[in-house]
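Asks: Numbering (mature numbering (1 follows the signal peptide of the UniProt record, and there is no 0)) for the sequence shown: -23 to -1, 1 to 187.
Where is the CB? At the ideal position from N, CA and C, for every residue including glycine.
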Amino acid sequence: MNQHVLRRTRIAVTAGAAALLLAACGSDGDAAGGHGGHPSTPSSAPSSPSDPAAQGGHNAADVSFAQGMIPHHRQAVDMADLAATRAGSAEVKQLAEEIKKAQDPEIRTLSGWLTGWGQQVPAAGAADHSAHGAGGMMTAEEMDALGKASGRAFDTAFTRLMIKHHEGAVAMARTERTEGASPEARRMAEAVIASQGAEIARMKALLGTG
């Protein structure tokens, strides 16, 4: 009888000790959850697509590239729009359509980068004219003359002006490739160098100067 009571007492003591141990562990877990229970949340939270950190970072050269290329591309699209109704050559019309198709999406991409980087996106319209003459961009007078030309005269003027325009873009892209930090911006620069370089050769062939 005494042995039976002793055995029950030992079982009760053991169960009580286990309960105390579990309670202590639970208390420690609650404390971790209450203050430092989620210490890794900020660093493990997924970055948004526009987060510069998610894009590998950027520097001033990337910002300059994006802010300069947006008005540059806008003017190329404006020139391409003229070709739809004023060009006489099917080859020039096709080239203009390809330029517009390539550069319209790049404008949106560049604008998205600037927004994600907390930088100003160049305003459309009057702000674009501030860069005229730089990077191969057309002056207001050149754009006006192009808009008044038609047929073969338009084709020749468009091709010559677009060669100069593309050469400016390639120069900007080479600077970005050398000085930029954003992997995405540098990849676009590489694409600009390749695609617009090929279009320059194509336009020179149309002019018979290639």
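(1) When we look at the beta-carbon of Q71 and count the other beta-carbons within 10 Å, is it buried (16 or more) or exposed?
(2) Can you confirm whether the segment 148 to 161 touches the segment 125 to 136 when touching is taken to mean that 3 or more C-beta pairs between the two stretches lie within less than 8 Å?
(3) On the criterion of 16 or more Cβ atoms from any shown chain inside 10 Å, does G145 qualify as buried, or is it exposed?
(4) For T186, count neighbouring Cβ atoms within 10 angstroms of its own Cβ and tell me buried if that reaches 16, exposed if not.
(5) Do A150 and I177 come within 8 Å of each other at the CB atom, strictly closer than that value?
(6) Buried or exposed: which applies to E118, given that a residue is buried once 16 or more other Cβ atoms fall within 10 Å of its Cβ?
(7) Going by beta carbon distance, what residues of the same chain come within less than 8 Å of D55, once the five residues before and after it are set aside?
(8) Which two residues bound the contiguous alpha helix (DSSP H) that contains T116?
(9) My output table needs one value for A31: the three-state DSSP class, helix, strand or coil.
(10) Which residues share a DSSP beta bridge with A64?
(11) Taking only three categories from DSSP, how would you classify A134?
(12) By DSSP, does G185 sit in helix, in strand, or in coil?
(13) If L59 sits next to G124, beta carbons under 8 Å apart, how far is it from one beta carbon to the other, in whole angstroms?
(14) What is the DSSP secondary structure of A166, counted as helix, strand or coil?
(15) Please say whether Q96 and V40 have beta carbons closer to each other than 8 Å?
(16) How many whole angstroms separate the CB atoms of M139 and M180, which I take to be in contact at a CB cut-off of 8 Å?
(17) Is it true that the CB of M46 sits closer than 8 Å to the CB of V87?
(18) In whole angstroms, what separates the C-alpha of S20 from that of G93?
(19) Inspect the beta-carbon positions of I76 and R51 and report whether they are closer than 8 Å.
(20) Taking the C-alpha atoms as reference points, what is the distance between M115 and V98?
Replies: Put simply:
(1) Within the sequence shown, numbered from 1, the residue matching residue 71 stands at position 94. Exposed is the call here.
(2) no
(3) Numbered from 1 along the sequence shown, position 168 holds the residue referred to as residue 145. Per the 10 Å Cβ criterion, buried.
(4) Counting from one through the sequence shown, the residue named residue 186 turns up at place 209. Classification of T186: exposed, given that the 10 Å Cβ count is below 16.
(5) Indexing the sequence shown from 1 puts residue 177 at position 200. Indexing the sequence shown from 1 puts residue 150 at position 173. Their beta carbons are not under 8 Å apart, which means I177 does not touch A150 by this criterion.
(6) Looking up residue 118 in the sequence shown gives position 141. Exposed, because fewer than 16 other Cβ atoms sit within 10 Å of the Cβ of E118.
(7) Reading the sequence shown from its first residue, position 78 is the one you call residue 55. So the qualifying residues of the chain are M120.
(8) Your numbering for residue 116 matches position 139 in the sequence shown. That residue, T116, is in no alpha helix (DSSP H); it is neither H nor E in DSSP.
(9) The residue labelled residue 31 in the question sits at position 54 within the sequence shown. Residue confidence is low: A31 scores 39 on pLDDT, short of 50, so the model does not pin down where it sits. No coordinate-derived value is stated.
(10) As a first step, residue 64 must be located in the sequence shown, where it is residue number 87. Its beta-bridge partners are G128.
(11) Sequence index remark: in the sequence shown, residue 134 carries index 157 (1-based). Helix, per DSSP.
(12) As a first step, residue 185 must be located in the sequence shown, where it is residue number 208. Note: G185 maps to coil in three-state DSSP.
(13) In the sequence shown, the residue the question calls residue 59 occupies position 82. In the sequence shown, the residue the question calls residue 124 occupies position 147. Contact holds; Cβ gap of about 6 Å.
(14) For the purposes of this step, residue 166 is identified with residue 189 of the sequence shown, where counting begins at 1. If DSSP states are grouped into helix, strand and coil, A166 belongs with the helices.
(15) Start at 1 with the first residue of the sequence shown, and residue 40 comes out as number 63. Start at 1 with the first residue of the sequence shown, and residue 96 comes out as number 119. Closer than 8 Å, so yes.
(16) If you number the sequence shown from 1, residue 139 lands on position 162. If you number the sequence shown from 1, residue 180 lands on position 203. With a Cβ gap of about 6 Å, M139 and M180 count as contacting.
(17) The residue labelled residue 87 in the question sits at position 110 within the sequence shown. The residue labelled residue 46 in the question sits at position 69 within the sequence shown. It should be pointed out that residue 87 corresponds to Leu in this sequence rather than to Val. It is a contact, given that the beta carbons lie within the stated cut-off.
(18) Taking the sequence shown and counting its residues from 1, one reaches residue 20 at position 43. Taking the sequence shown and counting its residues from 1, one reaches residue 93 at position 116. Bear in mind that the predicted position of S20 carries a pLDDT of just 35, short of 50, making it unreliable; the figure below should be weighed with that in mind. Cα to Cα, the separation comes out at about 19 Å.
(19) Walking along the sequence shown from the start, residue 76 turns up at place 99. Walking along the sequence shown from the start, residue 51 turns up at place 74. No, they are not a contact pair.
(20) Here residue 115 refers to the residue found at position 138 when the sequence shown is read from its first residue. Here residue 98 refers to the residue found at position 121 when the sequence shown is read from its first residue. Distance between the alpha carbons of M115 and V98: 21 Å.
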